[in-house]
Structure formats: C-alpha cells, structure tokens
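Residue numbers (the working numbering): 1222 to 1425.
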C-alpha cells in the first residue's frame, strides 16, 4: 500500500486512477454494448468499495458484484452474446466474497488501527480465517453440481483438493499473523477458477 505509507504521492495515484477510468470506458465498450456495460458495472463496484463501502458491513458486496460480472462479460461479448448460466454467476460471486475475506486476512489488525471496519474486520481474524476457504469451497461445489451432465473425474479431484485445502487452512494451528490461512484460501480460489474454466463451454 504505497500511498498509505507515503512511498507514492497521492497526486500521482489520483492521476493514474483517473487515466485508467477514462480509458476503461471506451475499451470496455469495444467488446460490445452489453458486455461493456457489465464490465463497467464491475468497475463501478470497485470504485464504490474504495470510496467507502470497504468501511461498512457491506464491504463484500463490491467483490461479489465484480466477480459475478466476469462470466457475463465473457459470454455477452461476441460471438456468444448471451447471459451466462446461473451457476457461473453464483460461483463468481462466492469467489469474490472469498477473495475479499482472504485479501483482508493478513491486514486485519492494521485496518482496525486505521479505522477500516468492513465485514472481515468486524468478524475478526479467527472467524475470517475459517470463513474464507469455506465460501470458496462452496463456489467449487456450485461449479460441480450446476453444469449439465454427469460429474466427471476431474470434478471429483478438484473438489477433493478444495476440501483438503480448506480443512488445512482452518484446522492447522498457526500464529495470529501467520499467512498460512491466506495461502490455503488462495489455493482454494485457484481450484475454483480451474473448475470454472473446465466448464467454460457450458457457461452460456
């Protein structure tokens, strides 16, 4: 967080953010009106988080919206131009919430010291370290049972790996500032993404 530590001037960060926002609009719409609009909704969710929602109990909402928008951005663009299946959107939202919990986990005490009281900070570290991999494992579960057709061998392998990583992250004892729960949550998230890619042909 170079802005917070003073390593990066606020003016430089503001200029970079403004430039990125200005370029984001036309570059999003190049992918088509529907896909571009969905992408801009995800961008707006990110800005809403930074502008204040991260300090409220609704802090997971921008992550849920932003991650849920990603499958729609892909399927609404050419050549498909169709809304994604419910399970892709639901899994995206769950992965977003899990990513929020995992991302905040290493910095909860620092955030509390600076007045940031989003949902993970209110839950505190013990609850957060258990909830992050559970939410992400739920996303993997949705991706296994949601798509049409029988559950394949790879589905079973990925589900088992996700459950094992989630158990390792929640059951293994670690220090208050250990990054072990964070790392296992990231492993579960990666498995969720792999499962989503596995069923990408059925997304729309």
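A virtual CB, placed ideally from N, CA and C, is assigned to each residue, including glycine.
Because the structure is a prediction, the values reported are computed rather than measured.
- Output yes or no for whether 8 Å exceeds the beta carbon distance between residue 1263 and residue 1241. If you check the CB distance, residue 1263 and residue 1241 do not come in under 8 Å.
- Who are the Cβ neighbours of residue 1296 in its own chain at under 7 Å, not counting the five residues just before and after it? Taking residue 1296 as the centre and dropping the five residues before and after it, the same chain places the C-beta of 1303, 1304, 1305, 1424 and 1425 closer than 7 Å to its C-beta, in chain order.
- Do residue 1364 and residue 1321 come within 8 Å of each other at the CB atom, strictly closer than that value? Contact flag unset, no.
- Message: To test your reading of the DSSP string, which unbroken beta strand (DSSP E) runs of 3 or more residues are found completely within the stretch 1279-1360?
- Response: If we require 3 residues or more, the stretch 1279-1360 turns out to have no beta strand (DSSP E) run fully inside it.
- Message: Contact defined as beta carbons within less than 8 Å: I believe residue 1343 pairs with residue 1251. What is the distance between those atoms, to the nearest angstrom?
- Response: Going by Cβ atoms, the distance from residue 1343 to residue 1251 rounds to 40 Å, so no, they are not a contact pair.
- residue 1413 versus 1272, 1308, 1259 and 1336, residue with shortest Cα-Cα distance: The residue with the shortest Cα to Cα distance from residue 1413 is 1308.
- Item | Spatially closest choice to residue 1244 from 1407, 1254, 1231 and 1261, by CA coordinates | Taking only the C-alpha atoms, the option nearest residue 1244 is 1261.
- Message: Cutting at 6 Å between CB atoms, please list the residues of its own chain near residue 1341, excluding the five before and the five after it.
- Response: Residues of the same chain with a CB within less than 6 Å of the CB of residue 1341, apart from the 5 flanking positions on each side, are 1322, 1325 and 1349 in chain order.
- Apply the 10 Å Cβ neighbour rule to residue 1239 and answer buried if 16 or more other Cβ atoms are within range, or exposed otherwise. It is exposed - the Cβ of residue 1239 has fewer than 16 other Cβ atoms within 10 Å.
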